[in-house]
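The opening residue of the sequence shown carries number 0 in numbering that gives the first Met the number 0; numbering runs sequentially from there.
Ideal Cβ positions, reconstructed from N, Cα and C, are used throughout, including at glycine.
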Amino acid sequence: MPDELEQKIAHLDGTFEVSIEDESLFMQQFTSYLSEHLESERKKVRIDLARVQALPRPMAEALETAARVAKGVDKSFEVLVSPELKKRLEEMGVADRIPLQVARTTPESAAAFLLKDNKLVAVSTDEDHVVAKFPEEFERLLAHPGPGVVLDLGALDEVSVYFCNLIAVSVLQAREAGKEVVVKVRPELEKAFRGSAGGALLNLLIEGAAGQAEVYREIQSAKESMDAIGMKRLLAESNERAERDKEKEKATTGKKRREVVEPGFRMVGSLIKEQPRPKKETKREEPERRGAYRFKVEGAYVVWKDRRYGGGEGAQTRSIVIDMSKKGAQFYSNRPLANSTEVEIALCAPAFLQTLRLTGKVMRCEKADHQGKVLYRIGLSFIQVPGGAFLELSRVERKTAKIERQSPP
0 MPDELEQKIA
10 HLDGTFEVSI
20 EDESLFMQQF
30 TSYLSEHLES
40 ERKKVRIDLA
50 RVQALPRPMA
60 EALETAARVA
70 KGVDKSFEVL
80 VSPELKKRLE
90 EMGVADRIPL
100 QVARTTPESA
110 AAFLLKDNKL
120 VAVSTDEDHV
130 VAKFPEEFER
140 LLAHPGPGVV
150 LDLGALDEVS
160 VYFCNLIAVS
170 VLQAREAGKE
180 VVVKVRPELE
190 KAFRGSAGGA
200 LLNLLIEGAA
210 GQAEVYREIQ
220 SAKESMDAIG
230 MKRLLAESNE
240 RAERDKEKEK
250 ATTGKKRREV
260 VEPGFRMVGS
270 LIKEQPRPKK
280 ETKREEPERR
290 GAYRFKVEGA
300 YVVWKDRRYG
310 GGEGAQTRSI
320 VIDMSKKGAQ
330 FYSNRPLANS
340 TEVEIALCAP
350 AFLQTLRLTG
360 KVMRCEKADH
370 QGKVLYRIGL
380 SFIQVPGGAF
390 LELSRVERKT
400 AKIERQSPP
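Right under this line is the structure:
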């Protein structure tokens with residue numbers, strides 16, 4: 000038997016103690032132990048699962064099979080389980096076919112997660128224990144080489160807002176590293192996740208829902224098409240604005256032209272008469288930030304770099320921020336940037352507790368006169384936001400929203 004397995008198996012009077020950290024390792028230990036002891040002269044086969052609070056169905060079925068084999072060769076077979084595991088086995092309908100002995104266990108000694116390939120499964124029903132082990136176990140999950148991983152929280156009966164937000168931050172960090180995370184939960188926990196601050200950022204897969212494979216594919220395709228849909232919408236709105244600008248330009252040409260020499264004045268023959276200024280000037284909404292509070296940007300600036308280049312055109316450039324929200328930002332550039340260009344940026348502002356480093360995608364680029372110079376007004380939508388930056392943006396947004404609600408109309 001390999002040394003690494005020997006270190007995790009304790010043979011004490013026929014007792015087999017299992018340390019569940021990896022499902023494939025468990026099955027190796029389990030199979031090796033059974034083949035060794037079912038063929039030996041030992042009359043008693045005992046498996047200790049007292050530290051385990053939940054098991055995937057394949058493992059539970061393996062226990063049931065082992066019980067039948069032991070009975071067939073006239074062996075005494077017994078499984079030491081925690082109260083939580085006994086309850087889970089009863090829910091699976093296999094508890095009555097496995098000789099169980101209930102033992103007490105504490106959250107400190109219990110396993111919190113089980114890792115199998117690209118899937119991390121919570122095997123503890125104690126949320127505090129799961130939360131304590133989550134950061135370390137999630138790092139193990141991200142070590143999987145594939146582009147997508149699954150976080151299975153089906154063992155939990157309830158979940159706190161804190162844990163929901165902790166998962167959201169971890170998922171954002173994984174997304175920044177190029178991995179997509181699907182979070183599998185019970186139907187009764189869906190509302191808790193959807194209602195949390197970071198719930199909208201999670202790809203949820205509801206346990207037991209019909210057509211899970213289709214749901215998963217929809218989640219993946221939705222993410223892939225998200226940017227394309229947003230860009231189509233922005234392009235349509237941009238085209239509408241362009242058409243309106245053309246109509247305005249036509250209205251000021253030919254016989255019907257109103258010769259405006261300066262806002263607030265109009266030309267009539269050789270006389271200049273003042274005309275009333277509009278009482279209220281409307282501000283054009285930026286499509287990438289509709290529905291989001293604009294932040295106070297006094298003193299804010301952005302250091303940005305085109306991701307396509309390592310130097311030259313891609314050298315870092317510092318620009319003044321014009322407008323900003325949790326969804327995007329605008330700034331002046333001395334050169335144009337093509338739509339869909341990805342830009343690495345560092346946002347600095349007095350309102351931020353730290354410099355925010357994230358990635359954005361150019362949604363619009365227009366010529367603009369600024370302080371006598373011809374510059375380009377760049378509209379940027381954030382596409383990769385690390386966990387720390389997301390929390391900081393959310394904090395400033397809540398603060399801004401609170402101030403606006405308290406301000407008199």
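- Between the region 87-94 and the region 54-70 there are three or more C-beta pairs closer than 8 angstroms, enough to call the two in contact.
- Secondary structure of T316 (DSSP, three-state): strand.
- At least 9 angstroms separates the beta-carbon of P385 from that of Q100.
- Beyond the five residues adjoining it in sequence on each side, E126 comes within less than 7 angstroms, by CB distance, of L155, E157, V158, S159 and F162 in the same chain, given in chain order.
- Taking C-alpha positions only, E136 is separated from N333 by approximately 46 angstroms.
- Taking a cut-off of 8 angstroms on C-beta distances, the region 178-191 touches the region 144-153, as three or more cross pairs fall below it.
- Beta bridge pairing from DSSP links T358 with E343 and Q383.
- Annotation: the continuous alpha helix (DSSP H) that includes E175 extends over V160 to E175.
- In this structure, D95 is the residue among R243, D95 and S123 with its C-alpha nearest to the C-alpha of E60.
- A residue is called buried when at least 16 other Cβ atoms come within 10 angstroms of its Cβ; H369 does not meet this threshold and is exposed.
- As a beta-bridge residue in DSSP terms, R376 pairs with Y331 and E365.
- Here the C-alpha atom of I46 lies approximately 17 angstroms from the C-alpha atom of V72.
- A Cβ-Cβ distance of about 11 angstroms is found for the pair L140 and V170, leaving them out of contact under the 8 angstroms criterion.
- One alpha carbon belongs to L150, the other to F133, and they sit about 10 angstroms apart.
- By the Cβ-count criterion, E246 is exposed, with fewer than 16 other Cβ atoms from all chains shown falling within 10 Å of its own Cβ.
- Within its own chain, the residues whose Cβ lies closer than 6 angstroms to the Cβ of E189, once the five positions on either side in sequence are excluded, are I205, listed in chain order.
- A residue is called buried when at least 16 other Cβ atoms come within 10 angstroms of its Cβ; K372 does not meet this threshold and is exposed.
- A328 counts as buried, since no fewer than 16 other beta carbons sit within 10 angstroms of its beta carbon.
- When secondary structure is reduced to three states using DSSP, K326 falls in the coil class, being assigned neither helix nor strand.
- Taking a C-beta distance under 9 angstroms as the contact criterion, V302 and A345 qualify as a contact pair.
- Annotated three-state conformation of L188 is helix, per DSSP.
- If you draw a 10 Å sphere on the C-beta of E391, you find 16 or more other C-beta atoms in it, and that means buried.
- In summary, G378 is buried, with 16 or more beta-carbon neighbours lying within 10 Å of its beta-carbon over all protein chains present.
- The C-alpha of N338 lies about 21 angstroms from the C-alpha of R243.
- About 18 angstroms separates the beta carbons of A65 and A102, which is beyond the 8 angstroms limit, so they are not a contact pair.
- For the set R394, Y331 and H128, the Cα lying nearest the Cα of R363 is the one of Y331.
- If the five residues before and after Y300 are omitted, its C-beta is found closer than 7 angstroms to the C-beta atoms of R317, S318, I319, V320 and C347, all from its own chain and listed in chain order.
- The beta carbons of S75 and V44 sit closer together than 9 angstroms.
- Taking C-beta atoms under 8 angstroms as the contact rule, S380 and K366 fail to qualify, at a distance of about 20 angstroms.
- Annotation for K115: no alpha helix (DSSP H) segment contains it, though the beta strand (DSSP E) segment containing it runs F112 to K115.
- Just measuring C-alpha positions, the residue of E77, S195 and G153 sitting nearest L113 is G153.
- Counting along the chain, the unbroken alpha helix (DSSP H) around L140 starts and ends at E126 to L141.
- The alpha-carbon separation between L374 and M323 amounts to approximately 18 angstroms.
- Straight across, the Cα-Cα distance linking E77 with G92 is about 17 angstroms.
- When the alpha-carbon of P335 is set against those of I166, L357, E341 and R376, the nearest one is in R376.
- Boundaries for V68: no beta strand (DSSP E) harbours it, while the alpha helix (DSSP H) harbouring it runs R56 to G71, taken from the DSSP string.
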